[in-house]
Amino acid sequence: MSGPAASSPVQSPPRARAMRFVRRWGSWLIPVAAALLLWLWSAVFGGFDLGARTAYTLTGFLKEVAVFLPAMFILVGLFDVWVPRRMVERHVGSAAGPLAIVWMLLLGTLQAGPLYGAFPVAVALYRKGASLRNVFIYLGAFSGLKIPMLTFEVGFLGWRFSVVRATVTVVVFVPLAYLLERVLPAGTRLPEVTPGEKTERPNAQPQEVSS
Amino acid sequence: MVDLEQGILAVRHDPEGRWDGSSVEIMLSVVGFALVASFIASRRKTLAGGLRGLKMCWAILPMLLGLIAGVSIILAAVPPASLARVIGGEGPLPFVIALLVGSVALIPGVVAYPLAALLRDQGASTPVLAAFITTLMMVGIVTLPLEIRFLGRRVALLRNALAFGGAVIVAVVMAVVVP
Chain S
10 MSGPAASSPV
20 QSPPRARAMR
30 FVRRWGSWLI
40 PVAAALLLWL
50 WSAVFGGFDL
60 GARTAYTLTG
70 FLKEVAVFLP
80 AMFILVGLFD
90 VWVPRRMVER
100 HVGSAAGPLA
110 IVWMLLLGTL
120 QAGPLYGAFP
130 VAVALYRKGA
140 SLRNVFIYLG
150 AFSGLKIPML
160 TFEVGFLGWR
170 FSVVRATVTV
180 VVFVPLAYLL
190 ERVLPAGTRL
200 PEVTPGEKTE
210 RPNAQPQEVS
220 S
Chain L
1433 MVDLEQGILA
1443 VRHDPEGRWD
1453 GSSVEIMLSV
1463 VGFALVASFI
1473 ASRRKTLAGG
1483 LRGLKMCWAI
1493 LPMLLGLIAG
1503 VSIILAAVPP
1513 ASLARVIGGE
1523 GPLPFVIALL
1533 VGSVALIPGV
1543 VAYPLAALLR
1553 DQGASTPVLA
1563 AFITTLMMVG
1573 IVTLPLEIRF
1583 LGRRVALLRN
1593 ALAFGGAVIV
1603 AVVMAVVVP
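So the protein sequences, as listed, match chains S and L.
Following this note's numbering, the numbering of the first sequence begins with 10 at its first residue and continues without gaps.
Following this note's numbering, the numbering of the second sequence begins with 1433 at its first residue and continues without gaps.
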């Protein structure tokens, strides 16, 4: 706080950087700080069970995020630059037939990872012309029928349970996706801007709309 | 046997050494293959696509880390033993609790299935397990802020509400089919 230099915007990089940091993290900083404090507490004083367990849980999650998040997003980015909109529109667009269900189920089951990794894929599909119902079928297949997860489920809960659960899930959730599309007001659109892109949108939208 | 008084994530340790299903290797090899193929086809496009993806990833990182940190504290505070006590009983109450816990919780599949097997050993019935697993997979109250950011408020809320209804149907059908 000394002299005229402090008033110049370039002169206070630490404070500006701190402000940007706080704005970027917002209230999400609270749980992160709480978890780190619990962790630190148990590390310094020892014998504090909750802290140790939090640290254990958090590192487990962090490992998952570190592997799946960049991987998932890189796939989404590659999908974005390589797959032509026309192709997506023809196979899983709003005019596509019931074969689209098979495509979406295949796509969903052949993936791996947590559900939050599927949202960017769903949005990418939608942007390329997939209809909302097919996006929902994809999300359903991803969350309930991933093959890597199914093999794991069979190991723990047995064939009978897994096969019946998976079958019932398909039978219930495919109609639900259609219902969801019907329930939503006509012309419902997903958000135009997803996190991470601000300026690219306008020119990223291709011209062709109908085939 | 797993220590029931530890945090839920401790269930991850499987004494029988079954494959942990984390599918890290699968994911990495798929991405690696895609990257190499894309790079051979066009260096410029690969860079553009990869960068776009990483930018998105960076943008949601604070929210995701916040969610994960919060969930970690909650999961650490809830020992599986107490979950087993409320879910293991008879009647409709365990069913309702399984639906609610499954909807709220964010538990990776790596932990969810051992946990479900544990709950079964503690007396949870098939429909209760189906309710728990289906809501766990399809309904995400904790990840709702993230889902809203991608799908929008209306779509995200409706999807979760319908998925909850679907989970109830799945569980009821399971009760009839698998006694």
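All C-beta atoms, glycine included, are put in the ideal place defined by N, C-alpha and C.
Close Cβ partners of residue i (< 7 Å) along its chain, the five nearest in sequence each way excluded
{"i": "Ala131/S", "result": "Val144, Tyr147 and Leu148"}
{"i": "Thr1518/L", "result": "Note that residue 1518/L corresponds to Val in the displayed sequence, not to Thr. The residues are Pro1526 and Ile1529."}
{"i": "Ile1580/L", "result": "Ala1588"}
{"i": "Tyr187/S", "result": "Arg142"}
{"i": "Leu47/S", "result": "Leu59, Gly60 and Thr63"}
{"i": "Leu116/S", "result": "Tyr147"}
{"i": "Val1610/L", "result": "Thr1558"}
{"i": "Val1503/L", "result": "Leu1538 and Val1574"}
{"i": "Thr178/S", "result": "Gly153 and Leu154"}
{"i": "Asp89/S", "result": "Ala133"}
{"i": "Gln120/S", "result": "Phe151 and Lys155"}
Cross-chain neighbours of residue i in chain C, by beta carbon under 9 Å
{"i": "Glu1579/L", "result": "In the structure shown, chain C does not exist; the protein chains are S and L."}
Own chain residues within Cβ distance below 8 Å of residue i, not counting five before or after
{"i": "Gly1521/L", "result": "Gly1555"}
{"i": "Leu84/S", "result": "Val130"}
{"i": "Tyr135/S", "result": "Leu141, Val144 and Leu199"}
Presumed contact (8 Å Cβ cut-off) between residue i and residue j, rounded CB distance
{"i": "Leu108/S", "j": "Leu1594/L", "result": "Going by Cβ atoms, the distance from Leu108/S to Leu1594/L rounds to 24 Å, so no, they are not a contact pair."}
{"i": "Gly153/S", "j": "Met1488/L", "result": "No, Gly153/S and Met1488/L are not in contact; Cβ-Cβ is about 25 Å, not under 8 Å."}
{"i": "Val97/S", "j": "Ala139/S", "result": "6 Å"}
{"i": "Ala1563/L", "j": "Gly1534/L", "result": "6 Å"}
{"i": "Val1566/L", "j": "Ala1603/L", "result": "Here the sequence assigns Thr to residue 1566/L, which means Val is not the residue at that position. Indeed, because the Cβ distance is near 7 Å, the residues count as touching under 8 Å."}
{"i": "Ala1617/L", "j": "Leu1531/L", "result": "Examination of residue 1617/L is not possible in this model, given that chain L is present from 1433 through 1611 alone."}
{"i": "Gly1498/L", "j": "Trp37/S", "result": "3 Å"}
{"i": "Gly1482/L", "j": "Gly86/S", "result": "5 Å"}
{"i": "Pro1512/L", "j": "Trp34/S", "result": "Between Trp34/S and Pro1512/L the Cβ distance is about 32 Å, and since that is not below 8 Å, they are no contact."}
Contacting residues, own chain, Cβ-Cβ under 6 Å from residue i (five flanking each side not counted)
{"i": "Leu114/S", "result": "Ala150"}
Cβ-heavy atom distance, residue i to the ligand COA, below 6 Å
{"i": "Val179/S", "result": "This structure lacks the ligand COA, and indeed carries no ligand of any kind."}
### Task
Flag this pair as touching only if the segment 164–183 of chain S and the segment 1579–1588 of chain L have three or more C-beta atom pairs under 8 Å; answer yes or no.
no
### Query
Which parts of the segment 50–115 of chain S are runs of the alpha helix (DSSP H), unbroken and 4 residues or longer, counting only runs that do not cross its ends?
58–91 and 94–101
### Query
Got a sec: which bits of the segment 1499–1527 of chain L sit with their beta carbon under 8 Å from any beta carbon on chain S, in order along the chain?
Leu1499, Ile1500, Ala1501, Gly1502, Val1503, Ser1504, Ile1505, Leu1507, Ala1508 and Ala1509
### Query
How do the segment 1567–1581 of chain L and the segment 115–131 of chain S stand: do at least 3 beta-carbon pairs fall below 8 Å, yes or no?
yes
### Against chain L: residues of the segment 33–62 of chain S by CB proximity under 9 Å
Arg33, Trp34, Gly35, Ser36, Trp37, Leu38, Ile39, Pro40, Val41, Ala42, Ala43, Ala44, Leu45, Leu47, Asp58, Leu59, Gly60, Ala61 and Arg62
### Contained alpha helix (DSSP H) runs [length at least 4] in the segment 139–181 of chain S, N- to C-terminal order
141–154 and 156–166
### Query
What residues from the segment 78–99 of chain S come within 7 Å of chain L, judged by C-beta to C-beta, listed N to C?
Leu78, Pro79, Ala80, Phe82, Ile83, Leu84, Val85, Gly86, Leu87, Asp89, Val90 and Trp91
### Query
In chain order, what residues of the segment 1544–1575 of chain L put their CB closer than 8 Å to some CB of chain S?
Tyr1545, Pro1546, Ala1548, Ala1549, Arg1552, Thr1558, Leu1561, Ala1562, Ile1565, Thr1566, Met1569, Met1570, Gly1572 and Thr1575
### Cβ contact check for the segment 67–74 of chain S and the segment 1497–1514 of chain L: 3 or more pairs under 8 Å
yes
### Query
the segment 162–177 of chain S: which residues have C-beta closer than 8 Å to a C-beta of chain L, in chain order?
Glu162, Gly164, Phe165, Leu166, Arg169, Phe170, Val173, Arg174 and Val177
### Task
Kindly confirm or deny that the segment 80–93 of chain S and the segment 1540–1551 of chain L touch, where touching means at least three C-beta pairs closer than 8 Å.
no
### Query
Which runs of the beta strand (DSSP E) spanning at least 3 residues fall entirely within the segment 1527–1606 of chain L, listed in chain order?
none
### Query
At what residue ranges does the segment 1448–1514 of chain L contain a whole run of the alpha helix (DSSP H), taking only runs of 4 or more?
1456–1473 and 1475–1509
### Task
Check each residue of the segment 1584–1601 of chain L: if its Cβ is closer than 8 Å to any Cβ of chain S, include it; give the result in chain order.
Gly1584, Arg1586, Val1587, Leu1590, Arg1591, Leu1594, Ala1595, Gly1597, Gly1598 and Ile1601
### Query
Listed from N- to C-terminal order along the chain, which residues in the segment 103–117 of chain S have their beta-carbon within a distance smaller than 7 Å of any beta-carbon of chain L?
none
### Task
Please list the residues of the segment 179–195 of chain S that have a C-beta atom closer than 7 Å to any C-beta atom in chain L, keeping them in chain order.
Val181, Phe182, Leu185, Leu188, Leu189, Val192 and Leu193
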